[in-house]
Amino acid sequence: MDTETFDLFRDTVRRLVDERLIPAEDEVEETDNIPARIADQIREMGLFGLSVPEEFGGLGCTMSEEAAIIRELCRAAIVYRSLIGTTVGIGSQGIVMDGTDEQKAEWLPKFATGEAIASFALTEPEAGSDAGSLRTTAIREGDSYRINGTKRYITNAPRASVFTLMARTEPDVKGSAGISAFILPADTPGITLGKPDKKMGQKGAVTCDVILDDVVLPASAIIGGVPGRGFKTAMKVLDRGRIHIAAVALGMADRLLGMSLEYAMERKQFGQRIADFQLVQAMLADSKVDLLTIEALMRSVAARFDAGEKVSLECSALKYHASEAVGRIADRAVQIFGGAGYMAEYKVERFYRDVRLLRIYEGTSQIQQTIIAKNMIRAAEAA
Amino acid sequence: MKILVPVKRVIDYNVKPRVKADGTGVDLANVKMSMNPFDEIAVEEAIRLKEKGVATEIVAVSVGPAKAQETLRTALAMGADRAILVQTDDEVEPLAVAKILKAIADEETPGLVILGKQAIDDDSNQTGQMLAALTGRPQGTFASEVTVDGDSVTVKREVDGGLETVKLTMPAIVTTDLRLNEPRYASLPNIMKAKSKPLANKTPADYGVDIAPRLKTLKVSEPPVRQAGVKVPDVDTLVAKIKELGIA
Ligand SMILES: Cc1cc2nc3c(=O)[nH]c(=O)nc-3n(C[C@H](O)[C@H](O)[C@H](O)COP(=O)(O)OP(=O)(O)OC[C@H]3O[C@@H](n4cnc5c(N)ncnc54)[C@H](O)[C@@H]3O)c2cc1C
Ligand SMILES: Cc1cc2nc3c(=O)[nH]c(=O)nc-3n(C[C@H](O)[C@H](O)[C@H](O)COP(=O)(O)OP(=O)(O)OC[C@H]3O[C@@H](n4cnc5c(N)ncnc54)[C@H](O)[C@@H]3O)c2cc1C
């Protein structure tokens, strides 16, 4: 995208954030729902189509562009991002990256307009970090598969038109090689949804169990048409997703640090602005350094991802750093606000809870550390 | 019917303007600029008329520096069909703009010219009225409702103390007030499409208009800083104070 178009693009999202999304944050928190008028506006603006290629009606953003837009969007409570997140990221990218031409033609135009919402169903009660051990089975019966199992904490499941579902097609093959990725339309018989989960934060975002009871899908529903490649697809999707999550963290970091600085410059104690106390300055400075390092790492990793380099280690490092750093920034924001920071009336209390999730999903911090170290060791062994 | 919509690139409404140290004007260096909000309302109204099937083409015009092209792109992204940039780096006063618009209107023969009632940078509130005078066409300023019916347009105007309704024979000039509509955000796909919509580059000379300023700015200064108020213990003291100050 040329810079003029992109700037116009980002300015428009910025206005949406400042004029519509931020003013509706309390309503979203109180009703635990994104009001239809806001969801419609997000859809009309075309945000669902960020990562869908232009030839399928999307905006075809590069990772760098997507990250810049997501950063802008996430200056507002990150629950708004959750509405589009699975369709822009993990729910659709499997089809974008590995889908057949027919699969792309059927689904991508609908994702681009937001007519269809995609959800990503990998996690299970017994398989979280160890996703390769998942137990949901897909047994081949002639030209179709019979699927049974339970998926847990599935974001946007109640809103989804379609799931990217990971299931074991080769029950005898242990580990990740026996897993395939399916395109599962949400209206397929045999799917039931659990009660919405009660979460620590991100009110207005929905997750729940997805129970699969004798769900039958044609063999053509396997992404890419070839069984046994699902885990590879999932891992590719998660690489991209990790850059996306870092952009979420960065947007929230912008907001939290902005609020911290503003408060510190207004609040007076001991006859002066608390911003003039060096111990408060230390918190502001540490948060700024955290923010700048997320920004710098994100720029470089996204650019290298766009250039086609293999950056799994860097994606993990970025997601790990960004999610931990925004956690520290949120914690300092609460501290700078003092007693007010602990009160629901001030938004830092809410955002502190909201950003906690970023260290857990799409790979916990410990899993990112493991990936980084394993990549290092593997590279050293190969050298 | 064609609609002509002039749009101006102005200092963004969220920016707190700062006066240059030498008092010659407002400091625009590295300041965010965007479309004058009243012009956004004008573009929106034109698009709605097109969506209703009343208008067939929307032409956006901007008089200003090369960067005003961004403002025109915004209008195109919102839904205008094509754009004309009349490029100049000089200061252009409302009369010069009105003269350029008249020349363009003569060429384009729009049924309606919809302008913002004023631009938020100089707050002149003159261009629409001047254009009406120069073209000899009727004007409906401060519009809060616009209805086209055949070859006439009915404009509800926001005037002191209420609403006035006027019926104008088209071609006519309309200027928008704040409550006319709530402008849409350009959708991201439309921003992409705006790239390929035609944008013509012109200069004031192309229209034979002399834009030399007729006014001279003597000095620009910050508004006086507001004095701190006083707290009073009760209503009686308040009333006494008000009387003392001669406010009531
Ligand atoms: C709000 C929310 C939304 C979600 N949305 C989705 C979704 O849309 N789709 C989806 O598929 N999933 C989703 N998830 C699931 C999420 O990806 C998992 O919760 C996450 O991967 C962690 O798995 P787990 O909860 O089973 O924790 P566990 O894997 O049980 O981890 C517990 C702890 O053990 C640590 N641990 C585990 N293994 C190791 C190891 N090898 N070395 C070191 N430490 C280890 C972990 O780091 C963690 O601290 C969502 C979760 C939440 C909370
Ligand atoms: C749940 C809850 C229960 C409470 N219960 C009670 C109660 O029962 N009774 C009661 O009297 N109060 C109570 N409080 C108030 C509590 O004691 C104050 O919130 C606390 O002392 C902090 O004061 P503050 O909120 O005004 O923050 P501030 O004093 O405004 O502090 C804001 C930030 O500035 C920093 N700061 C301030 N001064 C300096 C300095 N000189 N140098 C460096 N940094 C500085 C602070 O460390 C903090 O990070 C309660 C508060 C909460 C949240």
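Taken in sequence, the protein lines are chains A and B.
Residue 199 in our numbering sits at position 199 of the first sequence, and the numbers go up by one each step.
Each number in our numbering corresponds to the 1-based position in the second sequence with 1000 added.
Think of the CB as a built atom: it goes at the ideal place given N, C-alpha and C, for glycine as much as any other residue.
| query | result |
| --- | --- |
| Where the alpha helix (DSSP H) containing Lys236 (chain A) begins and where it ends | 230–266 |
| Beta-carbon proximity check, Arg332 (chain A) vs Ser220 (chain A), cutoff 8 Å | no |
| Sub-8 Å separation of Leu1215 (chain B) and Glu1093 (chain B) beta-carbons | yes |
| Closer than 7 Å: Ala391 (chain A) CB and nearest ligand 1 heavy atom | The question about residue 391 (chain A) has no answer here: the residues shown for chain A are numbered 1 through 383. |
| Interface partners of Ser1187 (chain B) on chain A, CB under 8 Å | Glu44, Met45, Gly46 |
| Continuous beta strand (DSSP E) stretch holding Gly1064 (chain B): start and end | 1057–1064 |
| Straight-line gap, Ile1114 (chain B) to Val1005 (chain B) (C-alpha atoms, nearest Å) | 5 Å |
| Helix, strand or coil at Arg43 (chain A) [DSSP, three-state] | helix |
| Ile336 (chain A) CB to nearest heavy atom of ligand 2 below 7 Å | yes |
| Any 3 or more C-beta pairs closer than 8 Å across the segment 280–299 of chain A and the segment 358–373 of chain A | no |
| Cβ-based neighbour list, Asp1081 (chain B), same chain, cut-off 6 Å, excluding 5 preceding and 5 following | Glu1057, Ile1058 |
| Proximity test, Cβ basis, 8 Å: Ala1077 (chain B) and chain A | yes |
| Cβ of Thr1024 (chain B) within 8 Å of any chain A Cβ | no |
| Residue-level contact to chain A via CB, Ala1033 (chain B), 8 Å cutoff | In the sequence under discussion, the amino acid at residue 1033 (chain B) is Met, which differs from the Ala named in the question. Cβ-Cβ to chain A under 8 Å: no for Met1033 (chain B). |
| Spatial neighbours of Thr123 (chain A) in its chain, beta-carbon cut-off 6 Å, leaving aside the 5 residues before and after | Arg152, Tyr153 |
| Validate contact between the segment 47–67 of chain A and the segment 181–200 of chain A using beta carbons, cut 8 Å, 3 pairs | no |
| 8 Å Cβ cutoff met for Val215 (chain A) and Ile191 (chain A) | yes |
| Close beta carbons around Ile1100 (chain B), own chain, < 7 Å, minus the five adjacent residues each side | Val1063, Val1086, Pro1204, Tyr1207, Val1209 |
| Minimum length 4: unbroken alpha helix (DSSP H) runs contained in the segment 1008–1056 of chain B | 1037–1051 |
| Partners in chain B for Gly49 (chain A), counting only beta-carbon separations shorter than 9 Å | Leu1188, Pro1189 |
| From A:Thr31, A:Met45, A:Val96, residue whose alpha carbon lies closest to that of Val79 (chain A) | A:Thr31 |
| CA-to-CA distance, Lys198 (chain A) to Gly1140 (chain B), given in whole angstroms | 56 Å |
| Reference Ile1003 (chain B), options B:Asn1190, B:Glu1158, B:Glu1044, closest by Cα | B:Glu1044 |
| Alpha carbon of Glu324 (chain A) to alpha carbon of Leu318 (chain A), nearest angstrom | 10 Å |
| Check whether Ser176 (chain A) and Phe231 (chain A) have beta carbons under 8 Å apart | yes |
| Closest residue to Gln1250 (chain B) among B:Gln1069, B:Asp1177, B:Ala1098, B:Ile1242 (Cα-Cα distance) | Past the edges of chain B, shown from 1001 to 1248, lies residue 1250 (chain B), and the structure says nothing about it. |
| Residue from A:Asp98, A:Ala383, A:Pro158 with nearest C-alpha to Val226 (chain A) | A:Asp98 |
| For Asp331 (chain A), the first and last residue of its enclosing beta strand (DSSP E) | From DSSP, Asp331 (chain A) is part of no beta strand (DSSP E) but of the alpha helix (DSSP H) over 312–337. |
| Contiguous beta strand (DSSP E) assignments of at least 3 residues, all confined to the segment 1186–1225 of chain B | 1199–1202 |
| Contact list for the segment 1033–1059 of chain B against chain A, Cβ threshold 8 Å | Ser1034 |
| Where Arg1073 (chain B) sits in the DSSP three-state scheme | helix |
| Bounding residues of the beta strand (DSSP E) (the contiguous stretch that carries Met1001 (chain B)) | Here Met1001 (chain B) belongs to no beta strand (DSSP E), and DSSP marks it neither H nor E. |
| Residue environment, Lys1243 (chain B), which counts as buried when at least 16 other CB atoms sit within 10 Å | exposed |
| Per DSSP, cross-strand counterpart(s) of Asp1149 (chain B) | B:Ser1152 |
| Ala247 (chain A) beta carbon less than 8 Å from that of Arg71 (chain A) | yes |
| Interface residues of chain A facing Lys1195 (chain B) [CB-CB closer than 7 Å] | Thr5 |
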